[in-house]
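J.: The structure's right below; bear with me while I get my questions together.
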Amino acid sequence: MTEEDRKEVFIVDDSMYERLNAKNVELCGWQYDHANHKNKKGFRFLQLEWSDGNTFPPVSFSLLSSSKKVREADKIDHRSHSGRRKAQAQRKGTDVLVKLLQADLKDGVKAYYELFDS
């Protein structure tokens with residue numbers, strides 16, 4: 020694990036972030052939990068970690084919601100940081116993952132492989 024020729028990897032994990040009692044939480048909705056094969060109320064938590072075999076720090080993440088359009092009262096202002104996060108939450112997980120990887124590579128985080136769970 021500590022050899023000079025070890026390979027750094029990105030690890031992608033999409034877990035369920037449950038919010039069972041959330042009634043007025045923005046963009047909270049019913050999500051399919053592929054681990055338990057049930058629909059649950061909350062968000063999908065897409066996390067990108069980096070590992071060299073010894074350490075396992077998270078480098079970026081995104082909360083994902085359903086891709087349904089927001090209500091007229093909840094119009095998204097793409098100029099603000101929160102508006103960009105809301106718009107990102109409604110995109111497909113694969114598109115968000117590509118953006119997270121591009122941002123991390125631009126910031127200098129390097130890896131040879133990407134690992135996914137089933």
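Counting from 1, position 12 in the sequence shown corresponds to residue 31 in my numbering; the numbering is continuous, with no gaps. From the three backbone atoms N, C-alpha and C, an ideal C-beta is built for every residue, glycine too.
Residues in the same chain with beta-carbon distance under 7 Å from R143, minus the five sequence neighbours each way, listed in chain order, please.
T.: An answer regarding residue 143 cannot be provided, because it is not within the stretch 20 to 137 covered by the chain.
J.: Can you find the residues in the same chain that come closer than 6 Å, C-beta to C-beta, to L46, ignoring five residues on each side of it along the sequence?
T.: Translated into positions along the sequence shown, residue 46 becomes position 27. Cβ neighbours of L46 beyond the five flanking positions: S84, A108.
J.: Hey, could you find the ends of the alpha helix (DSSP H) L119 is sitting in?
T.: By one-based count along the sequence shown, residue 119 stands at place 100. L119 -> alpha helix (DSSP H) spans 112 to 125.
J.: Can you check whether the CB of S79 is closer than 8 Å to the CB of D123?
T.: Here residue 123 corresponds to residue number 104 of the sequence shown, with the count starting at 1. Here residue 79 corresponds to residue number 60 of the sequence shown, with the count starting at 1. Yes; because the gap between Cβ atoms is below 8 Å, this pair is in contact.
J.: What is the residue span of the alpha helix (DSSP H) that K26 lies within?
T.: Your numbering for residue 26 matches position 7 in the sequence shown. Run containing K26: none; DSSP gives neither H nor E here.
J.: What do you get for R25, buried or exposed, if any count of 16 or more other CB atoms within 10 angstroms of its CB means buried?
T.: Mapped onto the sequence shown, residue 25 falls at position 6. Its Cβ having fewer than 16 others within 10 Å, R25 is exposed.
J.: What number of angstroms, rounded off, separates the C-alpha of Q121 from the C-alpha of K42?
T.: The sequence position of residue 121 within the sequence shown is 102, counting from 1. The sequence position of residue 42 within the sequence shown is 23, counting from 1. Going from the Cα of Q121 to the Cα of K42 covers about 34 Å.
J.: So what's S101 in DSSP terms, helix, strand or just coil?
T.: As a working mapping, residue 101 is identified with position 82 in the sequence shown. Here S101 sits in helix by DSSP.
J.: Sorted by chain position, which residues of the same chain lie with C-beta nearer than 8 Å to W49's C-beta, five sequence neighbours on each side aside?
T.: In the sequence shown, counting from the first residue as 1, residue 49 sits at position 30. Only N58, K59, K60, S85 meet the Cβ criterion.
J.: Please report how far the alpha carbon of N40 lies from the alpha carbon of S70, in whole angstroms.
T.: Working through the sequence shown from its first residue, we reach residue 40 at position 21. Working through the sequence shown from its first residue, we reach residue 70 at position 51. So the two alpha carbons sit approximately 35 Å from each other.
J.: According to the neighbour-count rule (16 or more other Cβ atoms, all chains shown, within 10 Å of its Cβ), is E91 buried or exposed?
T.: For the purposes of this step, residue 91 is taken as residue 72 along the sequence shown, with counting starting at 1. Note that E91 scores a pLDDT of 46, beneath 50, so its modelled location is shaky; the value from the coordinates is reported in the next line. Exposed, since its Cβ has fewer than 16 Cβ neighbours within 10 Å.
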